[in-house]
Structures are given as C-alpha cells and as structure tokens.
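A short worksheet on the structure shown next.
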Amino acid sequence: MPLVGFSTYAGAWFTGSQLKAADIFISLAFYTQMRLFVMYALPLAVEKLSDLHLAWQRIDGFIQLTIKEEQRTLHTCDNDLYQQKGAFTMLNASFSWNGHDECLSSLNLDIESGTFVGIAGVVGAGKSSLFAAILGEMIQTKGEINRNNSSFSYVAQTAWIFSDTLRANILFEKPYDEQRYTKVIRSCCLDIDVTMMGPRGDLTIIGEKGVNLSGGQRVRVSLARALYADADIYLLDDPFAALDPIVAKRIYDRCIGPNSLLRKKTRLLITHETQFLINTHQTIILAHGCIETQGRFHELKIRNEDIDDKQHSKVEEEAPISLGMLDIGQSSDAAESIIVNEASGNHNVSCSLWYSLFTAPPLGTFGFCLMIILLVVGDILYNGTSLWLIRSSQQLENDRYHRSISISIFLILTMATLIVSVGRSSFYFYHILNGSNRFHNRMLSGLLYTSMRFFESNPGGRILNRVTKDQQIMDEALPSTLFNAIQLLMMTTGFAITIIIINPWMILLLILLGPAFWLLCRYYLRSSQQLKRMESVTRSPMFGLFASSINGLTTIRAFKVQNDLIRSFMNLVDANTRPYLYMIAASRWLSVRIDCMITLFTLFSALFVVTLRDTANPAMLTLILLYSINISVWFQLGVRHLTEALNLMISVERIDEYARLPQEEDNGGSKRLIRTPTDWPDRGTIEFRDYSLRYRSNLEPTLKHINVAIKPWEKVGIIGRTGAGKSSLFQGLLRLVDRSTVDGEILIDNIDISRITLSHLRSHISVIPQQFVLFAGTLRSNIDPLDLYSDEQCWTALEAVQLKAMASNHPAGLLMPVAESGSNLSVGQCQLICVCRAIIRPNSILLIDEATSNIDNESDRKLQLIIADVAKNRTVLTIAHRLNTVANSDRLLALDSGMVVDYDVPNKLTNSIQTDVVVTLWGIGSVGILTEYAAVEFGKQRTYATGLAPQPYSLTVGNFNNDSYIDIAVVNSGSDSLNVLLNSGNGTFEMQINYPIGADSYPRYILADDINKDNYVDLVIATSKNNSISLLMGHGNGNFDIPQVYSTGKDSYPLAIAIGDVNNDNRSDLIIANAGIDGIGILLRFDYTTFQRQKTYSSENTRRPHYIITSDFNNDKYLDIAITYSLSDNIGILLGCGNGNFTTMLRYSTGYGSYPIAVVLTDMNNDNQTDIIVTNYAANAIGILFGRSNLNFDTIVNYPIEKGANPVSLAVGDFDNDGQTDIAVVNVDSDSISIVLGYENGSFLSQLTYSTGYQSAPSGITVGDFN
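Numbering (this note's numbering) for the sequence shown: 2 to 1268.
Following this line, the structure appears as structure tokens:
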C-alpha cells in the first residue's frame, strides 16, 4: 500500500496536477479499504483454493482405489451342492496383493459344510494369505472361487482389540444374548478373567490394542468375538501360539475340536501345533503359495517330531487350568482403569509459554527485542509518512523547489516503510518458527525418553493428535494469525495515537471504552479457551478410532460391521465439531460487541470533524476521518485475530505438556553414575540380588526376591506358566520400569546396571522381543537401523535366519520395501527379521522373548541351532512356551508367581509348578512332605524327624533366610521346642535349627509374620501350659532371638493366634484364643519391640475358643475376628470398630455335636463373597457357611469325610489346577489327608485320600510350592 500511495502522489507530481490534502487522504482511504480485500483476502483465497485442489486430488486418489472385490461365482450344474452355506470352492484360483505378483497360485479346494480343516506349512508358505484370499482381501488374478454367500468369522494371527469394554470387544456390534455370551466366555476360558477383573467384570474398559490385557487374554478375547458371531465359516489363524499348552488344549476341546461349540460349523485352523490337526477332516499343507498336499491327517507324510511335545500333550490332556496359565494376575491387580483421562485445564495460557516461544535459540531474547523494534519502527514509518503528507501537501501549492524535495523525501519514506515491512515480516516468521521448532523438539524428546507406562495409559490417537494437529497449528495457523493481530493492533494503536495528538479530547472516550473492552475480552476468553480445549481433546478419539480401524480392517470387513464403525466415527466427528461451532459463534458474539464500541469511537470522531470543519486544518480533519474509518475495520479484525491466537496457544500448551513428561531416571539415583570399562560387558555375567519388581506402586510385586547368578556365555532357558514373570525379568534387565518400583540389584559383569546410563546399558544388550517391531523402510534399514554393518554382514545374518532366499528373489534385494509394522510380510517373517536384527550386533548378552511362537517347529529347530552357533561367545536368555525350544540350554530357570522355583540343568529340572502339602505327624515325631508332580498326584511322602519324642503339633512356613525358598517352622508340644527346617532349594530340608521354648510350656500353635517391619520373618507361638505368647524376632539368616514372653492370664490356656491391625495404627497386633477362660485376648502393639497389656473379651456363653482368624467381614475397612467354639458347636464373629474395640458377637451354628476346630476363609462358589470352611471333628465332616451380603451366611453345609477320620486342620489350594478352590483336610484318627476337589458353584467333584503313615496322627497342615 505505501507503493500505491507513492505512485498516486508521484503521478500527480509528474503531470503537474494540483493535489489538495483532502484529495490525497480520500484516495488513501479508498486504498485502505481495498487493502483488506486485495492484500489479505485475495492471497488467502488463492492459498485456500490451492490447498483445496491438492486435497481434492488426494481424496480422489482414495476414491479411485479398487473397491474390495466380491466373490466370483463358480458356475456349475450342481446348484444345490454349491449353494450350501458353509461350503466353498476354489478352482485353479490365483491371488495377488498388487495385481501382478502372484502370492497364491493354482489353488484347488473343495470344503464341505461342517468340516474341520487344518492348514499347516513353513514360515512364508502363504497360510495367512489364504485366509485373506477367502475373505476377498487379495486381488483374484485368475480362476474362480465360490463362497456360497456364506458368512465368515475371523481370528487374526495378531489379535485386534479396540478401546472399549471387554463385552463390547466380544459382542462387536451384535445384540447381547446372555445365554450364548456366557457359553462363549466359558468356552474361551474367559469366565475366570471376568471374575478377576473386579466389580465391573466384563464392563471393564480395555485400552487401545488391549494394553491392559496379556497376550493370551487378547487372543482369547479375539476368539470369543469370533465364536459369538453365528457365522457359517470360521477362519482361525494360529490362535494357540500365545497360549499356555494346557489352556490351548482346553480351548481346542471347547471351541474347535470334534465335541466343541463349533462342531457343526465349517472351521479352518492354521497352526504350527500339529497335534491339533489329528482330528481334522481335511489337512492342507502349503508351500511357496501353492498347495503341496492335502487329505486326511494320518494319510499325510508329516514327521512324528513335528507333533510338538506329543507325549507332553498326552500327559497334560486332561490337566485343569490354573489362574497362572491364564495370565490374569497382573491385569486384575488394579481395580482402576489403566487409561488416564486426557487433561483439560481451566486456566489461561501461561505467560512462560509466550516467553519460550519468542526467546528460542539461536537469537533468544535479543531476537525478541529486535522483532519488537522492527514492528514499532514499521508502524512509526507508516504513520509518520501520513503526517508528513499533511505538512507537504500544504507546501505543494506555493513552492516549486519544495515539490522536488517533497517527492524525494516521500520516496525515501515509502521505500523505508516497504523495506521495514518486508524485513519485519521475514524476521518475525523466522524467529517464531525457531520457537515452534524448539517446542517440537522438546515434545519429541519428552515422548522418546519418558517411561513405557505413559504409552500404556495414553492411547495412540491422543499422542497422534498432539504431534500432528497441534503441531500443525503451532507451525502454520498460530504464526500468521498472531502476526496479523500484532500488525493490525499496532496499526490501529498508531491511528488512535495520531487522532489523540490531533484531538486530545478523544482520550476521554478511550478511557471510558478501554475498561469495557478489557472486561469483554476477558469474559470471552474464559469461554473460548475452554471450548478450544474441548475441541482439541475430542479430536483424539477420532485419531484413535481411525488408526485402530485401519489396523483391524480385515476383521471389520470379515464381520461386515463397516457401517457400524462409520456411525461410531461420525458420532466422534459430531462430538468434535460441536465445541468448534460454539467457538465460531462465540467469536461472532465478540465481533458484534466490538463493532458497537468502535462505531461509538467513529461517531465521536465524525462529530468532532463536523463541529470544527470551519476552524480546524482540513488536512488534519481528513486524517482523523480516515483513521477513524480504518480503526472501525482493522481494530475489530485485529482483536479477532488476537483472541484466535490466544485460543491457538492451547495447542502450544498441549505440546509443552508432552515436553514436560517425566523422563526415565538416568542419573544413577542416590548411588550416582559410574564409568564402565570400554569393553563392558566382555564376559556377560548376570546376577540378580534379591531383586523385586512391580509395574505400578499400587500393584503387587511381579518379581519377588530373585536371586540368580548366570555365568559367562551361559545359555539359560526361562520357563513358567503365562504370567509367571518371565518377560518381567527382561524388563528389569533393560530398566523399563521406574526405579521407585524396584528393589534389589542387577549386576552385569559386576557392575550395578542402575549406575550406568540407559543408552549405554540398552545399546550393549541385544533383544528379540515377544511382539515384533518393524518400521516402514527397507529390509536393510530394519536389519541395520544405524547403518553400522556392511551389506555382506547383512546377507550373512539373513542367511542365518533363512530369509536370504526371500530377499534374493526380490528385485530390490536388501532394499526390498518393508511396510509399516511389516504388514506386507507374514508374522513369522517379521519375527525372523527381528532375530536377524539382534544377531547382527556383536553384543555379549542376547535376550530372546518368545521369538519363535509364530514359526513352525522345523524352522524353530533350525533357528535354535543358528542361535547356538552365532551365540557361542554370548550369554543368552531365552523365554519360551515350547520346552523343546530351551531343552538344549545349559540351565533352565523356572518361575512361578514371580519367584524362582528351580534353577538347574534341564535333565534335573523338577516339575516345580505344583502345590505340595506339609503336615505335622504328631504320632511319629516328624514333619511329612507330599510333593505333587501332576494334578492331584503326589510322590512318596518324605519325613523329617524333629527330635526325641517331640510330638510336633503346629507348623507355619516362610522365607526365613532370604534365599527365595520356602522354609518350615514347627512347634513340638512334647519337647517344648521349635524346629526351623531350611529349604535346600529343591524341596528337601536337610538343615534344621532347634530352639527351646521353655520347660513345660506345651507350644500348641505357631504363626510367621514380619512383626517389627524389618523385612525379616518373625515367629509367634502360643504356649498353652504356661499361659503365654512367645515372640521370636528373625535375623533374616535362619536364626531367631530368644523368645520374648507375654502373659495371656492365669489359666488362659491359649490354643491359637491371629495377627492383624485391630486399631488402625499400622502395627501388627496379636489376637489370642484363650480356651481356658473362654475369652479372646488382644495384645496391642506398643512399638516395634513390645506389646501393651492384654485386653480380654468374654466369649459370652460360648465355650472353648479353639481357632481364630481375621478378615473384614462387613467391608467397613476395620478388622473383624472369627472364632470356632468347639464345645458350643458354633462360630462367633466379633466386628471391629477400628480402635481396638469390638461389637457384640454374632453366632453361626456348625451343627449339634459337631465340635468345630480349625477354620479358613475363601470364596468357594466364585460369588465374590467370603465363605467360612470349618473342620467339624466330631461330625467327621468339613462344613461350609456360604457368605451372602450384609454378614448373612447360609445354613452350614457338611461334606462328610471318611468315618472315624476326625478332621482337625485344613488348608486350601488349587491341587488340580482348574482355577477352583480345593480343600486339604488332616484326619488325625485315620492317619490320612483328604483332598476335596472344588467345583465352580461351591460343590465338590471328588475326594481323594492319601495316607500319612501308621499311627502318624497328623495334626497341622500347610500347602505351597516347596520345590
């Protein structure tokens, strides 16, 4: 515009025309009005039209994509045969992914309705591609296929889980049929998972990609979705790879096999576990995209060793399922959702964000100051030129000489204004984009260095929203909007100052309008910024659903729920558009009110001009009118741009939030960092020292007191049920969990890994992960991401993992393209590429986590030989479900429930994931151990004498010497002593330590607990004859202090003890059953070493308290007490008040003449209510009081034991590994143990009896995994 004004002025000067001030400023007023449309609207329109054209071309490219091909009808004269749903036929059919390179060729299949078809083949044979072809996902290049209008249900090889409830993932837009739904979740072994998920059950929210589910759970949910859909044909792509072998067998029997839920449906099963193909009607073997052979399984030439662990499967065929096999412990520990809500603040954008944006390197604060100077100078030049025109226009009429000076000065002012305008614009955008780049880099750094827990609790759509849309706003929308606002507001400020200089009275109007304008903007910004935050937050689910739908597109199409997903997406679009429309309306609301205020300013300016038209300088009056008109246009527009920029700063705020994510601790903590030798680690020794790990502070430990030493170059196989903690070991080695949730140490080559940087640690450990990760790029870039190795080394590594042929057959060789997540390769090929990436790096330590779960047995065997060869001088830790995968390891590490249960050479590894039984044999003075080697099958009883005529009565267990093995403590009522039996680590107890308790004390009962909170196990003993309690403090090495004795009162004769915090002071109190005085004694903890004097509660007409146990029966968070009264034939419950006092006793009958002794609490019928189980000595039975809400219990139900058995003690466990509670009962007079196997509704399947020896008189019992 300065050039236009100068051209007009110069033209008049050259033509000799006489210009008056009024003419000049009227012309400039018109130019200014044109400026809005020519200088702002026209370039913006051109830009938007260009963007529209490009966007339309991109959208048109998607629209022109080939629509998913429907079936080609196979013409035949036998219409009845080929129109039968559930049958399909391929005749010389070939398929391709790109239309010209055939992946499947010349397929001839004839699948009849209701048949069970097995599909096998090596990695890359085309098994998953066959399913894609059947579903119409591939391009049919020739031949014919007839699906007979059948409906399909599909289980993808990689389970697809979307963010919603567990039930919604199973129903998948189908109506809820409770009967069918219940049958399906039971068939998929999900009923226990649902129960363990807490009060919300199957309405628990599942995170994106099933982040809060285990791998096995994700597969079973995907399988349940397929079963719930009542389809004609079921396509099951290797659903057993991620499952425990016993779980896989159970699911096969219930879901897929000849007697399963789908027995009348057509089933196509891809699997490498060929034992599941034995009962198929037809088996298809694929090789190189062709059918190599097909027929009945027993007719095909499949090597016997291909039937993976055949004998093992036979042994465990009827083995029940345990909770550990289902991997539900970790996922159900926390009742709250793992997904956190996206933060949406309610405050104004911090000034520090503005400061960071405008003081970014390289110029920093100097650049900000220079930008302000340029903006101010540009505005001064623009307004100064106008004032100069007023003065010079008055001289034009009289002085020819001054006309030449005037034109030169005007040219100088115009060029200066132009140069400063261009310079300030360029510098402004340069400087603010530096700030934008700074925020981007900080956000990226925050995301890359934050804890893995962040990605578990924040969906990918939320992250994608910030790194795309919010970053785009900061890069593009914010700089231009803010610059327009600054430029327009500075211009209008200059106009106002000029008007005030000419007419000082206008300042009074500005004083009146200023506060009103400030309040108006403040009121508007409070609403608009919240609306902007809402708009940003509601955009994240759209990104999440879209990305999730792309990942599960094959599943969505197979179930034909495309329209349902579109409706869901449109609902999210509506939710996102709603705050945006409100924001636009609010902006218009502000504009109307600003227009009213500015119109008032223009009105007063016009009145001033009219009033002083005869006395004032016409040029000055013209300038006032011009500037008033300009203010009415530019100020309103400037304020709108400014408020919009303030709203856009919400995106900067959101990006800054990710820039401030807490980083993984990488400074060594309190120990500080140390420098490692340059060749570290050269030997590869690994040592875990009392290592414990939990994933979140509110969860139970996943690893517990791990003490393992791995020698240099040793090959260690890690085995255990799903959820035993195998992968957690690797997470600990790589320090993927917060230091605050870890106890103990891990040493590599004698260096504590917590004292070296994360990058140094992780770069020296090679990992083959359980879930493969491939990036979009080339095969070479995925093998060698940092380009450190030669092509020859890459080819050697590819040859080692049997992928050289795949790469050689591709025209690009090592540069063959790999799609995102390896979507253009089979899952097995993707796993092998990850193996290749790991073995090419010469690190001394190699971690392999289920790397071969998706490849066939033959490839698995070859790969193990390859790894053994390339890893001769490496320490290798391998996790595997298949025992044969780790059978050749130097040692096997067996884990169960996060603890080491065995660590030995493979041929000596015992079956240690079973429930063993330990009893005190009062009659023969020994402790007896029954070791379970299979479900409810025990080896010969081993006994350990506890002294001369000791009469051992009661026992307890614990880790008394901190070696991770379970030890035994037993009290001997005959010899008045305590024996501590220390576990040798393999289930034997060769070392015993004897402690005298006191002459004629008759110790009757013992408990183990950490009384003084020093992390060492202590022992509490009830000594009946001397009427006292003895407390022995542990040292953590198997030794204990001499007993501290606390009296329980004259003739009290204590029989049993319970430990709990009855007064909520976070200290362990003792509750005592004083049989001699028919009362309950409470010893309140005074400090960490002493107890207060006993407080006694009368049993209120009930006689002989025999056993005592604690729980919160009424869910008031206060500890309650349950007591058996053997002479009154009832159970009493004292409800705690939380301060050490108790309410009136509630009584529940155990039956006349029952003589109840011992009691345990559990949930027998899986109704989430506490049930009471008691041994009724005189009735020769165990009694169960099934709990109901509000402290109601059903009438006792007795289950008889053998006649004359006289049960005295009991314990609960899962002896048959079916996930249901079983009961072990000690029968003192029949010298036996009874195992009563529980069923899911609280009833019992059967009762098994095991002898403890002639006249052994067993009295006490406990269970655990002792070997």
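Yeah, the Cβ is synthetic: ideal placement off N, Cα and C, and Gly gets one too.
Quick caveat, the model's predicted, so the values are computed rather than measured.
Are the beta-carbon atoms belonging to residue i and residue j less than 8 Å from one another?
i: residue 1272; j: residue 915; result: Residue numbering for the chain in the displayed model covers 2 to 1268; residue 1272 lies beyond these limits and cannot be assessed.
i: residue 711; j: residue 686; result: yes
i: residue 1070; j: residue 1094; result: no
i: residue 951; j: residue 973; result: yes
i: residue 503; j: residue 625; result: yes
i: residue 1261; j: residue 925; result: no
i: residue 767; j: residue 839; result: yes
i: residue 777; j: residue 820; result: yes
i: residue 127; j: residue 269; result: no
i: residue 501; j: residue 629; result: no
i: residue 753; j: residue 672; result: yes
i: residue 1157; j: residue 1195; result: no
Determine the DSSP secondary structure at residue i, reduced to helix, strand or coil.
i: residue 1054; result: coil
i: residue 1178; result: coil
i: residue 680; result: coil
i: residue 1257; result: coil
i: residue 1202; result: coil
i: residue 636; result: helix
i: residue 465; result: helix
i: residue 827; result: coil
i: residue 453; result: helix
i: residue 919; result: strand
i: residue 480; result: helix
i: residue 343; result: coil
i: residue 293; result: strand
i: residue 903; result: strand
i: residue 1; result: Past the boundaries of the shown model lies residue 1; the chain is included only from 2 to 1268, so the question cannot be answered.
i: residue 1080; result: strand
i: residue 173; result: coil
i: residue 472; result: helix
i: residue 363; result: coil
i: residue 1197; result: coil
Going by C-alpha to C-alpha distance, which of the options sits closest to residue i?
i: residue 135; options: 413, 102, 184 and 234; result: 234
i: residue 887; options: 903, 920, 851 and 1194; result: 851
i: residue 983; options: 1172, 967, 975 and 977; result: 967
i: residue 557; options: 639, 500, 1247 and 138; result: 138
i: residue 31; options: 919, 631, 412 and 1064; result: 631
i: residue 1107; options: 1083, 1077 and 1259; result: 1077
i: residue 1264; options: 1222, 845 and 1245; result: 1222
i: residue 1132; options: 1096, 1170, 1091 and 1192; result: 1192
i: residue 378; options: 367, 365, 414 and 1125; result: 414
i: residue 1067; options: 536, 232, 1140 and 988; result: 1140
Would you say residue i touches the ligand ZN, meaning its beta carbon is less than 7 Å from a heavy atom?
i: residue 1106; result: Of the ligands one can find in the structure shown there are none, so the ligand ZN has no counterpart to examine.
**OP:** Mind listing, in chain order, the continuous beta strand (DSSP E) runs of no fewer than 3 residues lying wholly within the segment 951-1029?
**Re:** Note on the segment 951-1029: whole beta strand (DSSP E) runs with a minimum of 3 residues are 953-959, 968-973, 978-983, 992-997, 1004-1010 and 1019-1024, in chain order.
**OP:** Pick out the complete beta strand (DSSP E) segments inside the segment 639-677, 3 residues or longer, and give them in chain order.
**Re:** The DSSP assignment places no complete run of the beta strand (DSSP E) inside the segment 639-677 (cut-off: 3 residues).
Subject >> Touch test, the segment 708-726 against the segment 890-898, Cβ-Cβ under 8 Å, three pairs minimum >> reply: yes
**OP:** Starting from the N-terminal side, write out each stretch of the alpha helix (DSSP H) that is 4 residues or longer and does not extend beyond the segment 733-787.
**Re:** 759-764 and 780-784
Subject >> Three-pair Cβ contact test at 8 Å for the segment 114-123 versus the segment 163-177 >> reply: no
**OP:** Check whether the segment 433-446 touches the segment 603-611, counting contact only when three or more Cβ pairs, one atom from each stretch, lie closer than 8 Å.
**Re:** By the criterion of at least three beta-carbon pairs nearer than 8 Å, the segment 433-446 is not in contact with the segment 603-611.
Original post:
When the Cβ atoms of the segment 430-442 are set against those of the segment 349-363, are three or more pairs found closer than 8 Å?
Top reply: yes
Original post:
Counting pairs of beta carbons, one from the segment 542-558 and one from the segment 446-464, are three or more of them closer than 8 Å?
Top reply: yes
**OP:** Would you check if there are 3 or more beta carbon pairs closer than 8 Å linking the segment 474-493 to the segment 627-641?
**Re:** Contact between the segment 474-493 and the segment 627-641 is present, because at least three Cβ pairs lie under 8 Å.
**OP:** Would you be able to state if there are at least three C-beta pairs under 8 Å between the segment 1174-1181 and the segment 1196-1205?
**Re:** yes
**OP:** Scan the segment 231-301 and note each continuous beta strand (DSSP E) run of 3 residues or more that stays entirely inside, going in chain order.
**Re:** 234-238, 267-271, 283-288 and 291-296
Original post:
Within the chosen definition, does the segment 516-536 reach the segment 679-694 through at least 3 CB pairs nearer than 8 Å?
Top reply: no
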